[in-house]
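Student: To convert, note that position 321 of the sequence shown is 321 in full-length UniProt numbering; the numbers rise steadily by one, no gaps. Encoded as structure tokens, here's the structure I'll be asking about.
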Amino acid sequence: MDKKKQFLLDTAYYGTIAVMIFLAVKFLFPIFLPFALAGLIAYVIHRISRRFGEKIPIKRKYFMLLAVTIFYAVILGLILWAGKLLLPSVVDCIARLPKFYQSDIVPWMERLAVKIEQMMLQVGGVDGDQINGIMEQTMKKINQAADSLSVQLLKKVPGCLACIPDYIIRITIMVISTYFIAVDYDKILGFIKKILPEKGWDLCCKVKKYGLHMLWAYLKSYSFLMFLTFGELFAGLWLLHIPCAGWIALGIAGFDILPIVGTGGILLPWAGIAGFMGDYSLAVGLLILYGVITIVRNILEPRIVGKQIGLHPLAALIAMFAGVSLAGIPGLILFPVLLMVVIQVEKET
Numbered sequence: 001m002d003k004k005k006q007f008l009l010d011t012a013y014y015g016t017i018a019v020m021i022f023l024a025v026k027f028l029f030p031i032f033l034p035f036a037l038a039g040l041i042a043y044v045i046h047r048i049s050r051r052f053g054e055k056i057p058i059k060r061k062y063f064m065l066l067a068v069t070i071f072y073a074v075i076l077g078l079i080l081w082a083g084k085l086l087l088p089s090v091v092d093c094i095a096r097l098p099k100f101y102q103s104d105i106v107p108w109m110e111r112l113a114v115k116i117e118q119m120m121l122q123v124g125g126v127d128g129d130q131i132n133g134i135m136e137q138t139m140k141k142i143n144q145a146a147d148s149l150s151v152q153l154l155k156k157v158p159g160c161l162a163c164i165p166d167y168i169i170r171i172t173i174m175v176i177s178t179y180f181i182a183v184d185y186d187k188i189l190g191f192i193k194k195i196l197p198e199k200g201w202d203l204c205c206k207v208k209k210y211g212l213h214m215l216w217a218y219l220k221s222y223s224f225l226m227f228l229t230f231g232e233l234f235a236g237l238w239l240l241h242i243p244c245a246g247w248i249a250l251g252i253a254g255f256d257i258l259p260i261v262g263t264g265g266i267l268l269p270w271a272g273i274a275g276f277m278g279d280y281s282l283a284v285g286l287l288i289l290y291g292v293i294t295i296v297r298n299i300l301e302p303r304i305v306g307k308q309i310g311l312h313p314l315a316a317l318i319a320m321f322a323g324v325s326l327a328g329i330p331g332l333i334l335f336p337v338l339l340m341v342v343i344q345v346e347k348e349t
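Here it is, written out as structure tokens:
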């Protein structure tokens, strides 16, 4: 009986914590995200200023203001440089899409229809006119779906444009908060330490220690693996004469961050469809490309990620899915890190 009571108490306790975390993430995370990012940036700048601030003969307050200004100037410069570099490629790919649809997609769909028709005739029991009618209806529905998708995308454009002022406000708040936090970093830290109990402060120190370590390890490891995967994909797709190879490689490399699924979630179905359509050279090329990426990743990932992250792929996948569902793209990165921090803190207590 005591065990049942303890089980119910534990279930209620952890269930309450889970509900509180869910509500906090759902409603408070979007509000406090600019301030959290500002605090993280201010922390990094504060750490750097400890090394170089004493060597520069200006007041610490002005040095922090200068450091924050330089940081955001560099970020803005990188964004403008990347936009200038990528914009021509984006425009070129968009301009080539209609031609690509007519020269590749339409013939591919026609060949697929012929293949399906041949298979149905071989099975027997189906009249040729019936097959033609079915295929015409299928093609008609596909075209209607494509038109509907275009209309839906166009409808989303005003909504996306309406979100721009909100993002501008959030970014502005983040930048201003970074200045305030960076200048009064020691005062803010001292105030937090003063109002928290000793155990609460120790817990915050542990969370900060493991959180920053895990976040850096996570970003560093997967950024390297993603960049390596992108290079392999771009080289392979370019050799296979795939149009817009760079953008396709970038999309697949971004998809590769998901554990268990990886590049195989795109390359293997692609190879299967290519083989079904009779394009055996493309199918074999995609399979070879997938094999190379898998071998390289299996060799490097345990060394690069395993020792630093130490999280089971299924647990990482659940954390990523929950993060994306509750907090969007930031949650994709922060939730696995949060889960790893909880595990590490739990091990020490």
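Virtual Cβ for every residue (Gly too), placed ideally from N, Cα, C.
Under a three-way DSSP split, which group does P336 fall into?
Tutor: On the sequence shown, position 336 is the one that residue 336 refers to. P336: helix per DSSP, three-state reduction.
Student: Would Y62 be called buried (16 or more neighbouring beta carbons within 10 Å of its own) or exposed?
Tutor: Mapped onto the sequence shown, residue 62 falls at position 62. Exposed, because fewer than 16 other Cβ atoms sit within 10 Å of the Cβ of Y62.
Student: Could I get the ranges of all uninterrupted alpha helix (DSSP H) runs contained in the segment 195-265, with 4 residues as the minimum, in chain order?
Tutor: DSSP runs (the alpha helix (DSSP H)) wholly in the segment 195-265: 198-239 and 245-255.
Student: Among A12, K5 and K26, which residue has its Cα nearest to the Cα of V324?
Tutor: Walking along the sequence shown from the start, residue 324 turns up at place 324. Shortest Cα-Cα distance from V324 to any of A12, K5 and K26 involves K26.
Student: Within 10 angstroms of its Cβ, does F191 collect 16 or more other Cβ (buried), or is it exposed?
Tutor: Working through the sequence shown from its first residue, we reach residue 191 at position 191. Exposed, because fewer than 16 other Cβ atoms sit within 10 Å of the Cβ of F191.
Student: Short of 8 Å in beta carbon distance, which residues of its chain neighbour G264, apart from the five on each side in sequence? Order them along the chain.
Tutor: Here residue 264 corresponds to residue number 264 of the sequence shown, with the count starting at 1. If we look at G264 and ignore the five residues flanking it on each side, its Cβ neighbours are Y290 and T294.
Student: Using the Cα positions of G211 and V341, report the straight-line distance between them to the nearest angstrom.
Tutor: As a working mapping, residue 211 is identified with position 211 in the sequence shown. As a working mapping, residue 341 is identified with position 341 in the sequence shown. One C-alpha to the other measures close to 6 Å.
Student: Under 8 Å, do L65 and V183 count as touching if we go by C-beta distance?
Tutor: Sequence index remark: in the sequence shown, residue 65 carries index 65 (1-based). Sequence index remark: in the sequence shown, residue 183 carries index 183 (1-based). Between L65 and V183, the gap from beta carbon to beta carbon is short of 8 Å.
Student: Quick one: is P336 buried, meaning 16 or more other Cβ sit within 10 Å of its Cβ, or exposed?
Tutor: Here residue 336 corresponds to residue number 336 of the sequence shown, with the count starting at 1. So P336 counts as buried.
Student: To the nearest angstrom, report how far apart L161 and Y179 are at their CA atoms.
Tutor: Residue mapping note: residue 161 aligns to position 161 of the sequence shown, counting from 1. Residue mapping note: residue 179 aligns to position 179 of the sequence shown, counting from 1. Near 28 Å, if we compare the C-alpha coordinates of Y179 and L161.
Student: Looking at C-alpha atoms only, which residue of M320, M277, K220 and L240 is the closest neighbour of I288?
Tutor: For the purposes of this step, residue 288 is identified with residue 288 of the sequence shown, where counting begins at 1. It is L240 whose Cα lies nearest to the Cα of I288.
Student: Under the criterion of a Cβ to heavy atom distance below 7 Å, does S89 qualify as lining the ligand FMN?
Tutor: As presented, the structure is devoid of all ligands, the ligand FMN included, so that no description of it is given.
Student: Would the beta-carbon of M277 fall within 8 Å of that of R170?
Tutor: Numbered from its first residue, the sequence shown carries residue 277 at position 277. Numbered from its first residue, the sequence shown carries residue 170 at position 170. No, the Cβ-Cβ distance between M277 and R170 is not below 8 Å.
Student: Is the beta carbon of Y72 closer than 8 Å to that of V175?
Tutor: Counting from one through the sequence shown, the residue named residue 175 turns up at place 175. Counting from one through the sequence shown, the residue named residue 72 turns up at place 72. Contact: yes.
Student: Using the Cα positions of A82 and T229, report the straight-line distance between them to the nearest angstrom.
Tutor: For the purposes of this step, residue 82 is taken as the residue at position 82 of the sequence shown. For the purposes of this step, residue 229 is taken as the residue at position 229 of the sequence shown. Cα to Cα, the separation comes out at about 20 Å.
Student: In whole angstroms, give me the CA-to-CA distance for F206 and K194.
Tutor: Along the sequence shown, read from residue 1 onward, the residue named residue 206 stands at position 206. Along the sequence shown, read from residue 1 onward, the residue named residue 194 stands at position 194. Note that residue 206 is Lys in the sequence shown here, rather than Phe. Between K206 and K194, the C-alpha separation is close to 17 Å.
Student: At the level of alpha carbons, what is the spacing between Y167 and K209?
Tutor: Counting from 1 along the sequence shown, the entry for residue 167 is found at position 167. Counting from 1 along the sequence shown, the entry for residue 209 is found at position 209. Using only the alpha carbons, I get a separation of about 30 Å.
Student: Cutting at 7 Å between CB atoms, please list the residues of its own chain near I266, excluding the five before and the five after it.
Tutor: Within the sequence shown, residue 266 is the residue found at index 266, counting from 1. Counting only Cβ-Cβ distances below 7 Å, and skipping sequence neighbours, we find I252 and F255.
Student: Am I right that I48 and A67 are in contact with their C-beta atoms under 8 Å? What's the rounded C-beta distance?
Tutor: Translated into positions along the sequence shown, residue 48 becomes position 48. Translated into positions along the sequence shown, residue 67 becomes position 67. Yes, I48 and A67 are in contact; Cβ-Cβ is about 7 Å, under 8 Å.
Student: With distances taken from CA atoms, which of I248, I333, I79 and P165 is nearest A217?
Tutor: Taking the sequence shown and counting its residues from 1, the one referred to as residue 217 is at position 217. Answer by Cα proximity: I333.
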